[in-house]
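The letter at position 40 of the sequence shown is residue 39 when you use numbering that gives the first Met the number 0, and the numbering goes up by one with no holes.
Glycine residues also receive a C-beta, built at the ideal position from the N, C-alpha and C atoms.
Structure, as structure tokens:
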Amino acid sequence: MVKVNKKNKFKNKTFEFLTIFSLTFGIVVGSGIYLKNSSNDGVLKAAGNNPWVAMAVWLFVGVFACMMMFSFIEASTAAKKDDHNTMATMGAQFLGRRFGTVFSIFYIVIYLPVLTIIGALFTVNALFGAIDTFLIWTKDTTLNALWGQETRITVELLIGVVVLVSFQFLNSKYFTTGKWIQIIFTILKFVPLLMVLFGGFGLAIFGKVDSSSFDMVDAQPFKVNQLFACLIPILFAFDGFVDSVAAQKDIEHKSVVAPAMLAGIISVSVFYLLVTVAIFVSADDGNILEMFNKYGKVGPRLGLAFNVIIVTTLLATINAYTTLYPKVLQASVEEGYIYNKNFGEKIKYGTACWVSAMITNITLVIFVALSLGLTWKTGEPDYFLVTYYSADTGILYVFIIYALIMGGVLHNRKTKKVDVKPFKNTYWIQVITLSVLIIMDVWMLYVSIIDDGFVAFASSKDASDLVIPILFIGFGALMGGTYWLNEYLITKNNKIKNVK
């Protein structure tokens, strides 16, 4: 429960407003903005190298996220005191227990391991990329030239594994320490974003930019598919915006929840848009990690310092998900969505930590092996390839889950099966939002799997075009197989109990 001063209602409401606002802002603003603006395959490329298309989609997603909030705030009011308020819980409440199981399996077996691995590998990838850029600008050489390609990859992977396992161990044994690390890194993560904001515009103002993204030298003719291709990485950057609804049960003055969440997501949208413009005016390729190298002689050193700060803040992502993952696993078992021999009994946090670590580390080995297998013969092996595209694949499933829950919330308006506190005069807003989301989901699936997947592969014969389609089908098969096994074990366990 959020502790507030009962003597002053205005101060209490203000405090609770700021609590929800900061939580919403803090959850969303994270590694996504870096990951999807850190290479030539980022947001700008998806938009056909047209910055105006990219900015329009950033703005649209910000507004659309605000509209989606109404459904999830309404859904969260169904939770009673001390109830869990996860996507799986909402799925079970509004769609049925089996949906809760499917959603739990997705997050436990697929999405949370993916997010954790992204944190570990992208941290190392960004660090060594920054060192490489620094060496190119100052010594006209690279780590590959100094160490050899195989040695470099081995060192990067070893460091990534050590960092990941260290956080897994830390959060399984010293939970309080992990919380303090999260608080410190959450504050620190705004430093590089502010550097981008002021540094990007500074480059343009002081004439350090030879060409910007707005010159549109490599811009492609506009196509509708660009909008939907651009949606995927931007939606990933916004992912997590509905997670703050879980804090509603701890708020005394419920009237502040909706405006605080909306204010939070609006602030995120404005902030992201400003950061995106700053990147585009200072870099012709939309690469956030190399924008400071243009500051004359001091540029490479400033760029290296900037990237080291980014890498430090990315550690917060690893810390957050190695803390969150076991809790989601615990909640799913306690709610009865995931099989447990002693049905309904709690599992220890330490046990959940080791199970989640095992799933994550096995997934890491598979992703790295697939990535190197696909890219080794090209002469430019990339161990991060499958992990990078797994984020885009995962977000497709995430927004399908969002659409299903929103549909369940709307259906509940008629059935009244679940006791909620609906927002007045928002029914048609929710209907329109759900309709648009369904169209977005269908078109994103078409663009990612058919157009940019199988069709692109047919003409290019490039195996990397099939990464997202294969991942999407593979994730679906894995969920289906795990769901069948889970239901079989639950049914078998119930029969044994009935016999006894």
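- Ranked by how close their Cα comes to the Cα of N411, the residues Y320, L187, Q429 and N306 have Q429 in first place.
- Taking 8 angstroms as the cut-off, the Cβ atoms of C65 and I264 count as close.
- Judged by DSSP in its simplified three-state form, T425 adopts coil rather than helix or strand.
- Distance from the CA of V195 to the CA of P50, rounded to the nearest whole angstrom, comes to 17 angstroms.
- Setting aside the 5 residues that flank it on each side, F133 is surrounded in the same chain by P299 and L303, each with a C-beta closer than 6 angstroms to its C-beta; the list follows chain order.
- Our two residues, L273 and L484, have alpha carbons roughly 47 angstroms apart in a direct line.
- In its chain, beyond the 5 residues on either side, Y324, P325 and L328 have a beta carbon closer than 7 angstroms to the beta carbon of S355.
- Excluding the 5 residues flanking it on each side, P380 has same chain C-beta neighbours closer than 6 angstroms at L371 and T374, in chain order.
- Apart from sequence neighbours up to five positions away, the residues of its chain that approach T141 with a beta-carbon distance below 8 angstroms are D131, L134 and I135, ordered along the chain.
- Contact between the region 88-98 and the region 385-394 is absent, with fewer than three C-beta pairs closer than 8 angstroms.
- The Cβ atoms of L301 and M68 do not sit closer than 8 angstroms to each other.
- Within the model, the alpha-carbon separation for I358 versus I107 is close to 9 angstroms.
- Per DSSP, reduced to three states, the secondary structure at G480 is helical.
- CA-to-CA, the gap between F474 and G206 works out to about 48 angstroms.
- A residue is called buried when at least 16 other Cβ atoms come within 10 angstroms of its Cβ; E155 meets this threshold and is buried.
- T23 and N36 have their alpha carbons spaced roughly 22 angstroms apart.
- Distance from the CA atom of G452 to the CA atom of D461, rounded to whole angstroms, is 10 angstroms.
- With fewer than three CB-CB distances shorter than 8 angstroms, the region 121-129 does not count as touching the region 439-454.
- Counting only runs of at least 4 residues, the region 115-152 fully encloses the following alpha helix (DSSP H) elements, listed from N- to C-terminal order: 142-146.
- The beta-carbon distance between C229 and A46, rounded to whole angstroms, is 4 angstroms. This is short enough to meet the 8 angstroms contact definition.
- A straight-line Cα-Cα distance of about 21 angstroms links G239 and A55.
- Within the same chain, and ignoring the five residues on either side of A119 in sequence, the residues whose Cβ sits closer than 7 angstroms to its Cβ are G159, V162, L163 and I317.
- In this structure, the alpha-carbon of N360 lies about 12 angstroms from that of T321.
- When the alpha-carbon of K222 is set against those of K138, I489, D450 and L313, the nearest one is in D450.
- In the structure shown, T392 falls within a helical segment according to DSSP collapsed to helix, strand and coil.
- If you check the CB distance, T312 and L187 come in under 8 angstroms.
- Going by beta carbons, L384 and S254 fall outside the 8 angstroms limit.
- In terms of Cβ geometry, S212 and C352 do not form a close pair [threshold 8 angstroms].
- A Cβ-Cβ separation of about 50 angstroms leaves T137 out of contact with A330 under the 8 angstroms criterion.
- Here DSSP, grouped into helix, strand and coil, assigns D450 to helix.
- In the three-state scheme derived from DSSP, where H, G and I count as helix and E and B as strand, T359 is classed as helix.
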